[in-house]
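These protein sequence lines map, in sequence, to chains P, V and G.
Just so you know, we're using our numbering here: the first sequence kicks off at 1 and counts up by one.
Just so you know, we're using our numbering here: the second sequence kicks off at 1 and counts up by one.
Just so you know, we're using our numbering here: the third sequence kicks off at 1 and counts up by one.
Even glycine gets a Cβ: it sits at the ideal position worked out from N, Cα and C.
Take a look at the structure set out below.
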Amino acid sequence: MAEPFLRVEGLTKSYGARAALRRAGFVLEKGRMLGLVGASGSGKSTLARCLAGFERPDEGSMRLDGKVLGGQAPAPQVQLIFQEAAASLNPRFRAEEIVSEPLEIRRRGTPALRRKMAAEWLEMVGIARAASAKPALAFSGGERQRLAIARALAAEPQLLIVDESLSGLDVMLQAQIAALLADLRRRLDLTCILISHDLGLAARLADEIAVMDSGEIVEHAPVEQAMGSPRHPRTRELVEANRLLALAPEGAA
Amino acid sequence: MKRWPLLSALLVLAAIHAAAILANRLAPYAYDEQNRDCVYAPPSRVHWDGTRLVVYGLRQEAGGGYREDPTRRYPLRFLVRGRLVGVDPPGTLFFLGTDGFGRDVFSRVLYGGRISLMTGLLAAALAVGIGWMLGTAAGFFGGWADEVLMRGSELFLALPWLYLLLAVRAFLPLYIGPVQAFLLLVGIIGGVGWVRPARLVRGVALSARERPFVLAARGFGAGPAYLLRRHIVPFTLPVALTQASVLIPQYILAEVTLSFLGLGVGEPVPTWGNMLAEARRFDALTLHPWLLAPGLAAVPVLLGYLVLSDTFAAGGSQQKY
Amino acid sequence: MRYVLRRILHGSLLLTGVSVLTFAFTQLAPGDYYSEMRVDPTVAPETVDALRHRAGLDRPWPVRYAAWAGSVLKGDFGYSLAYGEPVAPLVRERLGATLLLAGTATLAAWLLAIPLGICYATRRGWQEALAGAATAVLLIIPDLLLALVALLAAVETRWFPAGGMASADGSSMGVAARMEDVARHLVLPAGVLAIGMLPMLLRHVRAAMRDAMDSGFARSARAQGIPPLRLLVRHLLPAAANPLVSLFGLSLGGLLSASLLVEVIMGWPGLGPLLVDAIMARDMAVVLAVALLAAAFLIVGNLAADLLLYRLDPRIRAGK
């Protein structure tokens, strides 16, 4: 069997006495979107930060496209969109500066070329060209989300991780960003991990669902299987909770 | 936003600094020009005799005072002998009177401003410059550099600032020429004053370093040079600027204090400090209150810088992130 | 308790560090008390050397530091070559005078600043602008100028003595009369110091009160209809206490520095004139002692402020 695009094995990380990750592992194929769900404190963000290179796992391995992840510095091929996307933008930077930052850091092209590329990315996430000179402060919460996404895309990552960024938004905004993500995935054939505590949202967007509990991946299955016939008690709890809260019956998504 | 206080403050500061720089043109007399016949003369009164501005001749009274003699008139001459205004001798034009050596106080205040104002500016530049560099490095890199900075700066802060300045001054040669004294003052005032700006800048750099957008930039592979240049430094600059506006007036006063105590620039070069030293003897002061002029000259300067620093401080607190 | 011990240890280490640094500095000073004598042609070089040797000035500096530190711990600060007497008692009486002046001025300034600052904080419109302007005017008048003007006023009006701590015939008066005499001499210097401190204190008191008034719990208390006086005393003042105690600690350095200047100008026999004279006379033993004392005062004062803060603010205790 061919090597999967992303392979995570035995990832373990503790903060002092608290174990955040306990031999977590999964595989993901190229172009697929994984919905990573679980209660707060289950280790989702820690896993994301390990993948993105902001944390070093105590044990375990991560391989992306055959190459080992988890070196000294954060890896540009894995891009993380933070939970507080707005805070991850320097408020004084203009929109075009924010988006072209990955290019600027890696010194790709001339400033003029970078501005052009930034404008393209901005358009792709739905921000008008005319707004590209405005500082980040001037944008709304939803627009700042888009800026963060555009910036992450400008880095041309092989793996995009969206960490709970949608959870704080109102429903309309959530829908917009969700649609944007789906669209981008299609056009760019992105491999994505969507982290959320909202199973319904993950189920609507993702191809596969992985459920985390106390630092472990307790279930990993395609969406229909996870939602229709969950095997692990945790998954069952989440599915039940989702059904109670859902505004529409299952299957009408 | 109400800009006029800021603008008028900048105008006043610019005017005073310009006056000091142009002292050799604006002052009627040289700073060391003595008029032995006019020791402790009161400020000259300028009269209008129908056609021109004139001053009357001075006649010394028994008992030491002076009286105006209307029979002798000396017209004010403008743009003469390379100076803006003056009178031909034996007429005298002392806008602010003379001191114990018969030297014109007004001229000396102008010349003295050069030293006092320049010391403040240069010392503040030194202190803020050093403090900004060390603070940024300590805040950004952290680790032992930060520890060294914090512990080291505590030693400087353990003494009250004037005691610290005096203690450092004590260990240096007492009797030195004016130029060396000036450089010395700039050196020690700036050299001990870097601590507070450094700590403030360090705090800002530290908190900026922790921000998510710095983390994100690291995720794109940014190195320290890029992070410092693009993210950290723009945050530290406003703090450094505010500090400068606060320190300049303090350092002007530091020069004035040290020279006043006889530990700064000495005779015959005037500074506002060593001029005030003559006013220390209160018998001289009561009879000749115009000797306080150098102190009064400092007031608008301090006001200007106060408005400046208040504006910077208010601007800083308005920024929301 | 551990916090207290840690802070005391930290203060002691700091004081030791300051003492080493200042002592090392004195060794760098070119020349010493006998330098002038050296250039005097009537004094033989051997005499100067012998005098230096007798004063112990020719030993290596770590040895001298150890000796000096040892005696300091026993309360002996060495010998003043300029005054011809032991440093410790000389410094001690000057210290007392400085403490009297600085203490009185601080008390006066804070007693004025708190009620005035509260008024300033609660006014709006033209009253607020007026208060702001008055504060600014006071702020920009240099202490130096203020002291000189006060001296001028003293001589002109003869309401107050113009300098010194006691009248010349002080020894013939009884205790009560002497105290009254000192008090009369104290008024002007303490007044000048207090006025010098006042504008900064006013600004900070106002800022602290404003912050307290704007905070969530204050607004909800007002909404509940709590009477203003109770609101002030039970809610606002305790909230403002934290920044104000910190301010007190931070202002100590400025207080001593201002006090130095006022003492010198107005002839108050405190540590200030002693230090300046010692510098002129190159009397390093005195310079060292005064510098160390000033540092000790500051460190102890800050320690007291820190400990007070620790007692007052439950948040700090919870954080430790």
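DSSP-derived helix/strand/coil call for P/R243: Helix.
Assumed close pair P/R92, V/P238 - CB separation to whole angstroms, cut-off 8 angstroms: Incorrect: roughly 11 angstroms between the Cβ atoms, too far for contact.
G/A102 vs G/L255 beta-carbon contact at 8 angstroms: Going by C-beta atoms, G/A102 is nearer than 8 angstroms to G/L255.
Beta-carbon spacing of G/R216, G/A258 below 8 angstroms: A small fix is needed here, since residue 216 of chain G is Gly in this sequence, not Arg. Contact: no.
Cβ-Cβ distance between V/L93 and V/A19 below 8 angstroms: Taking 8 angstroms as the Cβ cut-off, V/L93 and V/A19 do not qualify as a contacting pair.
Selection of the stretch 238-250 of chain V by Cβ proximity to chain P, strictly under 9 angstroms: Identification of residues in the stretch 238-250 of chain V having a C-beta nearer than 9 angstroms to some C-beta of chain P yields an empty set.
The ligand PLP heavy atom lying under 7 angstroms from the CB of P/G228: For the ligand PLP, the structure offers nothing, since it holds no ligand at all.
Below-8 angstroms beta-carbon distance, V/V299 vs any chain G residue: Taking Cβ atoms only, chain G reaches closer than 8 angstroms to V/V299, which makes this a yes.
P/V8 in three-state terms, based on DSSP: DSSP, reduced to helix, strand and coil, places P/V8 within a strand of the structure shown.
Contacts around P/A85, its chain only, beta-carbon distance under 7 angstroms, and the 5 residues preceding and following it disregarded: So the qualifying residues of the chain are R144, Q145, A148 and S165.
V/F213 at chain P interface by Cβ criterion, 8 angstroms: With 8 angstroms as the cut-off, V/F213 counts as an interface residue toward chain P.
Short Cβ contact (8 angstroms threshold) for G/V287 with G/L275: Yes, these two residues count as a Cβ contact at 8 angstroms.
As assigned by DSSP and simplified to three states, the class of V/Y321: Here V/Y321 scores only 40 on pLDDT, less than 50, and its place in the model is too uncertain to base an answer on.
Own chain partners of V/K320 with C-beta closer than 7 angstroms, once the 5 adjacent residues on each side are dropped: Here V/K320 scores only 41 on pLDDT, less than 50, and its place in the model should not be relied on; the value that follows carries that caveat. Nothing listed; no residue qualifies.
Stretch-stretch touch, CB-based, cutoff 8 angstroms, three pairs: the stretch 237-255 of chain G with the stretch 74-91 of chain G: The stretch 237-255 of chain G is not in contact with the stretch 74-91 of chain G.
Backbone secondary structure at V/H231 - three-state DSSP: In the structure shown, V/H231 sits in a helix (DSSP, three-state: H, G or I).
Buried versus exposed, by CB contacts within 10 Å (16 or more), V/R211: It counts as buried.
Coarse secondary structure for V/G112, derived from DSSP in three states: In this structure, V/G112 counts as helix in the three-state DSSP scheme.
Partners in chain V for P/E143, counting only beta-carbon separations shorter than 7 angstroms: Residues of chain V passing the Cβ test: none, with the nearest at roughly 16 angstroms.
Rounded straight-line distance, which links the Cα of V/L84 to that of V/F78: Between the C-alpha atoms of V/F78 and V/L84 there is a straight-line separation of about 5 angstroms.
Residue(s) in a DSSP beta bridge with P/V27: The partner list for P/V27 (beta bridge, DSSP) reads P/R7.
Span separating the alpha-carbon of G/A24 from that of V/A138: Put simply, the backbone Cα of G/A24 is about 26 angstroms away from that of V/A138.
CB contact below 8 angstroms: V/G295 versus chain G: Yes, its Cβ sits closer than 8 angstroms to a Cβ of chain G.
DSSP three-state assignment for V/T236, whether helix, strand or coil: It is helical.
DSSP three-state assignment for G/T42, whether helix, strand or coil: Three-state DSSP puts G/T42 in coil, outside helix and strand.
Cβ-based burial, G/A66 [other Cβ within 10 Å; buried from 16]: Counting Cβ neighbours within 10 Å, G/A66 comes out exposed, since fewer than 16 surround it.
V/T136, buried or exposed, once every other Cβ within 10 Å from all chains shown has been counted against 16: Its Cβ being crowded by 16 or more others within 10 Å, V/T136 is buried.
Minimum Cβ-Cβ distance from V/F141 to chain P less than 8 angstroms: Closer than 8 angstroms: no.
Cα-Cα separation between V/G65 and V/E33, rounded to whole angstroms: As the crow flies, the alpha-carbon of V/G65 is around 21 angstroms from that of V/E33.
Within chain V, partners of G/S257 - CB distance below 8 angstroms: The answer, in chain order, is P160, W161, L162 and Y163.
Neighbourhood of G/F313 by C-beta distance below 7 angstroms, restricted to the same chain and skipping five residues each side: Note on residue identity: the sequence assigns Asp, not Phe, to residue 313 of chain G. Closer than 7 angstroms at Cβ, skipping near neighbours: N242.
CB of G/A97 within 8 angstroms of CB of G/P269, strictly: If you check the CB distance, G/A97 and G/P269 come in under 8 angstroms.
Amino acids of chain P, ordered along the chain, whose beta-carbon sits closer than 8 angstroms to that of V/H231: Under the 8 angstroms cutoff, chain P gives N90.
Reduced DSSP category for V/E267 - H, G, I as helix; E, B as strand; rest coil: Looking at V/E267 - three-state DSSP - the assignment turns out to be coil, as it is neither helix nor strand.
Beta-bridge pairing of P/S196 - partner residues as DSSP gives them: Note: P/S196 sits in a beta bridge opposite P/V37.
Residues sharing a beta bridge with P/L188, DSSP: According to DSSP, which records beta bridges pairwise, P/L188 is partnered with nothing at all.
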